[in-house]
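**Student:** Here you go, one structure.
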Amino acid sequence: MVLVAEPKQVVAPGELLAEGDHLLGDNAYKIGTQIFSACIGILEVDGNRVFVVPLKGGYFPRAGDLVGGRIVDIGLSGWSVDIRAPYEAMLPASETPGPRGPRRRDLSSSFDVGDMVLAEVLDFDRTRDPLLTAKGPGLGKISTGRVVEISAAKIPRLIGRKGSMISMLKNETRCQITVGQNGVVLVWGKSPEDERVAVEAIYMVEREAHTRGLTDRIREMISKSRMVEQVAGTQTA
Amino acid sequence: MNKLPEPKQPEKLIDEKGLRIDGRRLDQLRPLKLEVGLLDKADGSAYIEQGKNKILVAVYGPREAHPKHIAMPERAVIRCRYHMAPFSVDERKSPAPSRREMELSKVIRESLEPVVLTDLYPRTTIDVFIEVLQSDGGSRCAGITAASLALADAGIPMKELVAACAVGKIQGKMALDLSDAEDKYGDADLPVALVPNMGLVTLLQMDGNLTTAEFEQGLSMAMEACKTIHSMQRETLKKKYATIKDAVEEREEPEIVA
Amino acid sequence: MEQKTVVDLVTKGKRIDERGLESYRPIQIQVGLIEKANGSAQVYLGKSKVLAGIKIETGEPFPDTPEEGVLTVNAELVPLASPSFEMGPPSEAAIELSRVVDRGIRESKAIDLKSLVIQKGKKVQVVYVDVYVLDHDGNLIDAASMAALAALANSKVAKMEMKGDEVIEKGGHHQLPLNNHPVAVTFAKIDKTIVVDPSLEEEQVMSARLTVTIDKNGHLCAMQKGGLYGFIPDELKRAVNLAVAKAAENRAKVMAAAKG
């Protein structure tokens, strides 16, 4: 088995990655014994497994995903939600907290068109649109904090290996951060300043997702902007 | 009248030295320029200049199919529009799609279909919009070259970049990548699109007059040219994404906006 | 199930209607059915049925070709021919069919357009080739190409002259002169096998289609690849060579019928 392309480097669709008895991972395909990339991304090798982490691309739902979405329509028994996927999601009234019963309540009193919701993908397959639930701790209407929308392809990097990036971000920015798999990120801080720093850091992760030493650079960026803040604070005081 | 003079028929398409009216050898491509990711709203985009061709391509999707009835239960539907701007040719072209544009939209779509992993996105559409801002010979091929880059730039899973190039016959000789005048006054045109790593020809059209031997010669010339164009495509695409990477990694100290 | 059978058979070198991989379905050609047309022909290709009618009228030349008559080819996928054909503006398939038939006739210079000039730059004869698909059982391109050629070979043109500013009939007709006889040969790729003259059932399972139009000198004058997959170069070269042989056979049938 021979690795033809260099790991951690940018690869293009159709580029030969490896030859021989490698295991085929995500975003790659095999012709005979040759493995090729199936998208623009970064080549990763994990043991014998060859896969590509995409640098671009939209969100494709999976059951169990946490997602942020926007209400786009109110139906008779629930809401249509834009979750930044190629499919419009459905949030049935029965999957929202609040009074239940055979009588229809006024759905717009819970969620109106334009409202943001945090929900979980309950069910999705090739034949049916995603079904959401907003029942559960932390789920439901988003009415406070900041909503940041980044490319869904960058979410794995925002979370980091075993959550390293996101826990660093939470500690350093002193913000509560909830990451939707579809690229919708929610930020709650004690002050607007904290939130601003967190939002800036998230955008930086998106921009520089495929670069090395990113965690350190982000940490540095946050501490510098804090220093600037403090200086500014002392000056006004 | 403010009309540009019609390009006159050149006396010879090939001179005594074997060079063409623009000074190229028979097996030489026109200057080629590629760019990716230059439109803000599109999911993916690309731009190509090949000779006087100036073509912009945008890709949207995979997205929800509208109208719903065009959706396929098992795969994404690719829609393609090849369109020429009214000012792209010598005499203003009506913006309404012509039969030629409709045919080209179909064959271009069919040249891209074999590489796109459409079965990953059932019930959706992937829209490819090709706008010819200025047209020269070989615009359908240039459109395909740019369209496959725009698909890759949109992050759409695909097996390979499709490269395309036409070969033609001028003054009885097979010549690569015909310009407008060569196409108009030449004897045949043979546009080809190739999926290099599979060795698969996904667009093939021809008009004019060729012997079977000339066809075989033309096909191999076009395939070689497609491979050259393909390496430029790959380089352009990777460069765009690697630029950010290098810029950041080489920076010793991150700059902070104070 | 039917579709799987078609593929299985082809991979074993057989076809559902027991033809060979390189054989056409029976071809029947009748000419002159439409008296009001200058020429007409109906082609049965197996169960596919296509009628072509030629109308030749007086008109004006295109400004960029003042010394040539005009050729216009149109194909209609008439709704009565298939449940898949719809009313309304021409579909992509109809446009492709027209343009592939057109390309064969035009690029082979089958019609001597210069002979259609009545007065240079002012009046010329316009040849309308209208292809009507009446029953769709696959390979409409070849059926249409043969119907168009047979109808053209069967066409009579009224003799015209200028009298002052007007075009008048001199009386009498002559045969529309044809310089070339282009014939389209279409292949389908089913799994990894190439078959000639695909039926509708075969078209439904083919991954790609290739049409090669051959003129009377055995030269290529038009090609068109269709379908959602592609061909490797060897397949293309074999198809092109086979097309030369098949076109010669079919051309003989068309020209014999047109004379008869």
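Residue numbers (the numbering used here), protein chains in the order written: chain A, 112 to 348; chain B, 3 to 260; chain C, 412 to 671. Backbone N, C-alpha and C define an ideal beta-carbon position, used for all residues, glycine too.
When the distance is taken between beta carbons, is C:Glu-507 closer than 9 Å to B:Lys-229?
**Tutor:** Not closer than 9 Å, so no.
**Student:** What separation, rounded to the nearest whole angstrom, lies between the Cα atoms of B:Ser-113 and A:Gly-125?
**Tutor:** Approximately 16 Å between the Cα atoms of the pair.
**Student:** Could one say the Cβ of A:Ser-238 lies closer than 9 Å to chain B's Cβ atoms, at least one of them?
**Tutor:** Here residue 238 of chain A is Thr; the residue named in the question, Ser, does not match the sequence. Output row for A:Thr-238: interface = yes.
**Student:** Using the beta-carbon count (16 or more within 10 Å), is A:Ala-204 buried or exposed?
**Tutor:** Burial call: buried.
**Student:** Thinking C-alpha only, which one of B:Leu-196, B:Glu-37, B:Leu-58, B:Gly-157 is nearest B:Glu-237?
**Tutor:** Minimum Cα distance to B:Glu-237 is reached at B:Glu-37.
**Student:** Tell me whether B:Gln-11 sits in a helix, a strand or coil according to DSSP, three-state version.
**Tutor:** Three-state result, B:Gln-11: coil.
**Student:** Going along the segment 112-137 of chain B in order, which residues come within less than 8 Å of chain A, judged by CB to CB distance?
**Tutor:** Those residues of the segment 112-137 of chain B that come within reach of chain A (Cβ to Cβ, closer than 8 Å) are Val-117, Leu-119, Leu-122, Tyr-123, Pro-124, Arg-125, Thr-126.
**Student:** Taking Cβ-Cβ distances below 9 Å as the criterion, which residues of the segment 199-215 of chain B are in contact with chain C?
**Tutor:** So the close ones are Met-200, Gly-201, Leu-202, Val-203, Thr-204, Leu-205, Leu-206, Gln-207, Met-208, Asp-209, Gly-210, Asn-211, Leu-212, Thr-213, Thr-214.
**Student:** Which residues does DSSP pair with B:Asn-55 in a beta bridge?
**Tutor:** BP columns for B:Asn-55 point to B:Gln-52.
**Student:** Rank A:Asp-137, A:Gln-287, A:Gly-180 by C-alpha distance to the C-alpha of A:Val-243 and give the top, closest one.
**Tutor:** The residue you asked about is not Val; residue 243 of chain A is Leu in the sequence shown. Of the candidates A:Asp-137, A:Gln-287, A:Gly-180, the one whose C-alpha sits nearest the C-alpha of A:Leu-243 is A:Gly-180.
**Student:** Along chain B, in chain order, which residues have C-beta atoms closer than 7 Å to that of C:Ala-633?
**Tutor:** Here the neighbours are Met-208, Asp-209.
**Student:** Out of C:Phe-598, C:Ile-445, C:Val-528, C:Leu-639, which one is the CA nearest neighbour of B:Leu-202?
**Tutor:** That would be C:Leu-639, whose Cα lies nearest to the Cα of B:Leu-202.
**Student:** Counting only beta-carbon separations shorter than 9 Å, does B:Pro-69 have a partner in chain A?
**Tutor:** Not an interface residue.
**Student:** Give the residues of chain A in contact with B:Leu-58, contact being defined as C-beta atoms less than 9 Å apart.
**Tutor:** Going along chain A, no residue has its Cβ under 9 Å from B:Leu-58, so there is no contact; the nearest lies around 19 Å.
**Student:** Compile a chain-ordered list of the residues in the segment 139-163 of chain B whose CB is closer than 8 Å to at least one CB of chain A.
**Tutor:** Answer in chain order: Ala-154, Asp-155, Ala-156, Gly-157, Ile-158, Pro-159, Met-160, Lys-161, Glu-162, Leu-163.
**Student:** What residues in its chain sit with their C-beta under 7 Å from that of C:Lys-458, if we drop five residues either side in the sequence?
**Tutor:** Correct list, in chain order: Asp-546, Asp-548.
**Student:** Going along chain B, which residues have a C-beta under 8 Å from A:Val-121?
**Tutor:** By Cβ distance, chain B contributes Lys-240, Tyr-243, Ala-244, Lys-247.
**Student:** Which runs of the beta strand (DSSP E), 3 residues or longer, sit entirely within the segment 178-219 of chain A?
**Tutor:** Taking only runs of at least 3 residues, the beta strand (DSSP E) segments lying wholly in the segment 178-219 of chain A are 189-193, 200-203.
**Student:** If we require 3 or more residues per run, which beta strand (DSSP E) segments fall completely within the segment 205-289 of chain A?
**Tutor:** Here the runs fully enclosed are 227-236, 239-244, 251-253, 257-260.
**Student:** Report buried or exposed for B:Pro-97, applying the criterion of at least 16 other Cβ atoms within 10 angstroms of its Cβ.
**Tutor:** Per the 10 Å Cβ criterion, exposed.
**Student:** Indicate the three-state DSSP secondary structure (helix, strand or coil) for A:Pro-165 in the structure shown.
**Tutor:** Strand at A:Pro-165.
**Student:** Taking only beta-carbon atoms, is C:Leu-639 less than 9 Å away from chain B?
**Tutor:** Interface residue, yes.
**Student:** Taking 8 Å as the threshold, find out whether the segment 12-22 of chain B comes into contact with the segment 161-171 of chain B through three or more Cβ pairs.
**Tutor:** Verdict: no, contact absent.
**Student:** Under 9 Å between beta-carbons, which chain B residues line up against C:Asn-652? List them in chain order, please.
**Tutor:** In chain order: Thr-214.
**Student:** By Cβ distance, which residues of its chain are closer than 7 Å to C:Leu-611, with the 5 residues on each side in sequence left out?
**Tutor:** So the list reads His-547, Asp-548, Gly-549, once near-sequence residues are dropped.
**Student:** For A:Val-122, I'd like the list of residues in its chain whose CB is within less than 8 Å of its CB, leaving aside the five on either flank, ordered along the chain.
**Tutor:** So the list reads Ala-116, Leu-128, Ser-148, Ile-151, Gly-152, Ile-153, Leu-154, Val-163, once near-sequence residues are dropped.
**Student:** Is C:Pro-474 a contact residue of the ligand SAM, with contact defined as CB to any heavy atom under 8 Å?
**Tutor:** As presented, the structure is devoid of all ligands, the ligand SAM included, so that no description of it is given.
**Student:** Tell me, please, which residues DSSP counts as bridged to A:Leu-154.
**Tutor:** A:Leu-154 is bridged to A:Val-163.
**Student:** Please report how far the alpha carbon of C:Glu-468 lies from the alpha carbon of B:Asp-182, in whole angstroms.
**Tutor:** Between C:Glu-468 and B:Asp-182, the C-alpha separation is close to 32 Å.
**Student:** Mind pulling the chain B residues with CB within less than 7 Å of A:Glu-306?
**Tutor:** Residues of chain B passing the Cβ test: none, with the nearest at roughly 17 Å.
**Student:** Would you tell me roughly how many angstroms separate the C-alpha atoms of B:Thr-147 and C:Ser-451, rounded to the nearest one?
**Tutor:** Roughly 43 Å between the two C-alpha positions.
**Student:** To which residues does DSSP link C:Ile-465 through a beta bridge?
**Tutor:** According to DSSP, C:Ile-465 bridges with C:Gly-450, C:Val-540.
**Student:** In whole angstroms, give me the CA-to-CA distance for A:Ala-245 and A:Pro-197.
**Tutor:** When rounded, the distance between both Cα atoms is 20 Å.
**Student:** Give a yes or no on whether the C-beta atoms belonging to B:Val-134 and B:Arg-111 are separated by under 9 Å.
**Tutor:** Their beta carbons are not under 9 Å apart, which means B:Val-134 does not touch B:Arg-111 by this criterion.
**Student:** For B:Gln-173, which option in B:Pro-33, B:Val-197, B:Val-118, B:Asn-211 has the closest C-alpha, if you only look at C-alpha atoms?
**Tutor:** If we check each option's Cα against that of B:Gln-173, B:Asn-211 comes out closest.
**Student:** Can you give me the C-alpha to C-alpha distance between B:Ile-50 and C:Ile-516, rounded to a whole angstrom?
**Tutor:** B:Ile-50 and C:Ile-516: Cα-Cα distance of roughly 33 Å.
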